[in-house]
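This report refers to the structure that appears directly beneath it.
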Amino acid sequence: MEGRWTFPAGAMDPGETPAVAARREALEEASIEIELVRIVGVFGGDPDFQMTYPNGDEAAWVTTLFEAGIVDGVPQPGDDETAEVRWVTTEEALDLDITPSTRHMLDSIRTGRTFDP
340 MEGRWTFPAG AMDPGETPAV AARREALEEA SIEIELVRIV GVFGGDPDFQ MTYPNGDEAA
400 WVTTLFEAGI VDGVPQPGDD ETAEVRWVTT EEALDLDITP STRHMLDSIR TGRTFDP
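Anchor point for the sequence shown: position 100 equals 439 in our numbering, and the numbering is continuous, going up by one each time.
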């Protein structure tokens, strides 16, 4: 997925909640401290949330997507995983080279399907 646009994201550290992980990832990747407003959706189980590693191992993930606001910091790349930080509308994002999981979440938000049963 490298080289494509996506939301700040990553694996949870042991003992973290999804909310704590979201705040940590925003700081690490976009150099901002955020306040979480609400859960926008929970996604997974779709092929867009699966991958196969070069050695053949398969993995799948669940994503909790939050609405958040910046409380401190200037948005900029914060680590070697992030090349650029940009704020765009949903429509603008859909025109970018985004990951399949990001496209899935944005399409779901636009259509009101924010929970994958």
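The beta-carbon is built from N, C-alpha and C at its ideal position, and this holds for glycine as well.
Express the C-alpha separation of residue j and residue i in angstroms, rounding to a whole number.
i      : j      : result
PHE388 : THR345 : 13 Å
MET340 : TYR392 : In this predicted model, MET340 has a pLDDT of only 48, less than 50, meaning its place in the structure is not dependable enough to derive any value.
ARG377 : VAL410 : 15 Å
GLY408 : LEU435 : 22 Å
TRP426 : PRO347 : 12 Å
GLU430 : THR438 : 15 Å
THR421 : GLU406 : 20 Å
LEU433 : VAL424 : 16 Å
What is the DSSP secondary structure of residue i, counted as helix, strand or coil?
i      : result
ARG442 : helix
THR398 : Reading the sequence as shown, one finds Ala at residue 398 and not Thr. DSSP places ALA398 in strand when its eight states are reduced to three.
LEU375 : strand
ASP387 : helix
LEU433 : helix
THR450 : helix
GLY408 : strand
THR345 : coil
VAL381 : strand
Taking the alpha helix (DSSP H) that residue i belongs to, which residues open and close that run?
i      : result
GLU364 : 357-369
Mind checking which residues open and close the beta strand (DSSP E) that includes residue i?
i      : result
GLU423 : Premise fails: GLU423 is in no beta strand (DSSP E) and is neither H nor E.
With a threshold of 16 other CB atoms inside 10 Å of the CB of residue i, please say whether the residue is buried or exposed.
i      : result
ARG343 : exposed
ALA358 : exposed
ALA365 : buried
ALA361 : buried
Would you check if the segment 398-410 and the segment 377-385 touch, i.e. whether three or more CB-CB distances between them fall below 8 Å?
yes
The segment 363-382 touching the segment 413-422, judged by at least three CB pairs closer than 8 Å
yes
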